[in-house]
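Each remark here refers to the structure printed beneath this line.
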Amino acid sequence: MKARIFQKPKNAMQSGRAGTQRWFLEFAPAEARKADPLMGWAGSGDTQRQLRLGFATREEAVAYAEKNGIEAEVMPTPVRTLKIQAYADNFR
Numbered sequence: 001m002k003a004r005i006f007q008k009p010k011n012a013m014q015s016g017r018a019g020t021q022r023w024f025l026e027f028a029p030a031e032a033r034k035a036d037p038l039m040g041w042a043g044s045g046d047t048q049r050q051l052r053l054g055f056a057t058r059e060e061a062v063a064y065a066e067k068n069g070i071e072a073e074v075m076p077t078p079v080r081t082l083k084i085q086a087y088a089d090n091f092r
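Counting from 1, one number per residue, gives the positions in the sequence shown under full-length UniProt numbering.
The structure is reproduced here in C-alpha cells:
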C-alpha cells in the first residue's frame, strides 16, 4: 500500500487558517476510476481511496504508517510567504 502524508493548505478564498495544522494520511488509488455503464458516474472498487486519517503531528502519522507497514511519502509543507504592502498601493 502506498500513501502520502501532508498538511492541508490554507484556503485561498478565506483569511483564516483553521484546519491547516493537522497532518493527513491519504492512500494512493489502487485502480483507475471508470464510468458506470448505467448511470455514467465515475467510480471504482477501491475503498481505501475514501479513507483519510488525521493526526495532530507529522511524527504520529509517520509512526502509524510504519507500524502498519504502509509505504508513506511525506509531502513537505510549503513555506508561507507574505506580500506586505500598504492599502494605498492599490490605487497607484
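Backbone N, C-alpha and C define an ideal beta-carbon position, used for all residues, glycine too.
The shortest C-alpha to C-alpha distance from ALA72 to any of ARG80, VAL62, GLU31 and MET39 is the one to VAL62. The shortest CA-to-CA distance from GLU31 to any of LYS10, GLN50 and GLY16 is the one to GLN50. In the displayed model, LYS2 falls within a strand according to three-state DSSP.
Residue burial is scored here from C-beta neighbours: LEU25 has at least 16 other C-beta atoms within 10 angstroms and is therefore classed as buried.
A straight-line Cα-Cα distance of about 8 Å links TRP41 and LYS34. Sorting PRO78, GLN85 and LYS8 by C-alpha distance to the C-alpha of ALA56 places LYS8 at the top. Secondary-structure assignment with DSSP links LEU25 through a beta bridge to ILE5 and LEU53.
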